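**Student:**
Residue numbers (this note's numbering): 1 to 133.
Structure (structure tokens):
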């Protein structure tokens with residue numbers, strides 16, 4: 001039971017099988033999902049690149065930047081068909097770390113992830129969400 005409601009867009013649900021919209025979306029569009037749009041500010045783009053690159057590195061997904069030829073280029077593959085179940089689940093956590101919603105609902109969202117990476121993800125969650133207290 002949550003007493004105080006979260007604003008729209010401040011809750012992310014991570015199911016066992018993450019959703020990836022179809023349509024050859026860019027890496028940025030996928031990591032920013034379900035939000036849409038790209039900032040026109042070059043400073044924001046540089047910050048996004050550094051932030052996303054760091055997040056993907058922490059989740060052992062940094063190879064995606066090269067595979068996608070950057071953050072903003074449409075890809076020539078469908079994400080759901082290309083990423084392994086473990087990679088899909090780790091990518092869903094990348095969305096959490098990038099978007100930093102107020103609430104995250106985990107529903108068997110690490111079932112395909114190796115134990116050492118799963119533990120690392122939970123440590124990152126604790127750091128991101130509880131480091132200010």
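By construction, the Cβ of each residue, glycine as well, lies at the ideal position given by its N, Cα and C atoms.
The structure presented is a predicted model; accordingly, all values stated were derived computationally and were not measured.
1) Touch check for the region 65–78 and the region 91–107: three-plus C-beta pairs under 8 Å?
2) Mapping DSSP to helix, strand and coil, what is residue 96?
3) Apart from the five residues on each side of it in sequence, which residues of its chain come closer than 8 Å, Cβ to Cβ, to residue 118?
4) Only counting the same chain, and skipping five residues up and downstream in sequence, which positions put a Cβ closer than 7 Å to that of residue 129?
5) Among 24, 11, 124, which residue has its Cα nearest to the Cα of residue 73?
6) Is residue 12 helix, strand or coil when you go by DSSP?
7) State the start and end residues of the unbroken alpha helix (DSSP H) segment that holds residue 121.
8) Does the beta-carbon of residue 34 have 16 or more other beta-carbons within 10 angstroms, so that it is buried, or is it exposed?
9) In chain order, what residues of the same chain lie with their CB nearer than 6 Å to the CB of residue 88, ignoring the 5 residues before and after it?
**Tutor:** Working from what's here:
1) no
2) helix
3) 110
4) none
5) 24
6) strand
7) 115–130
8) exposed
9) 18
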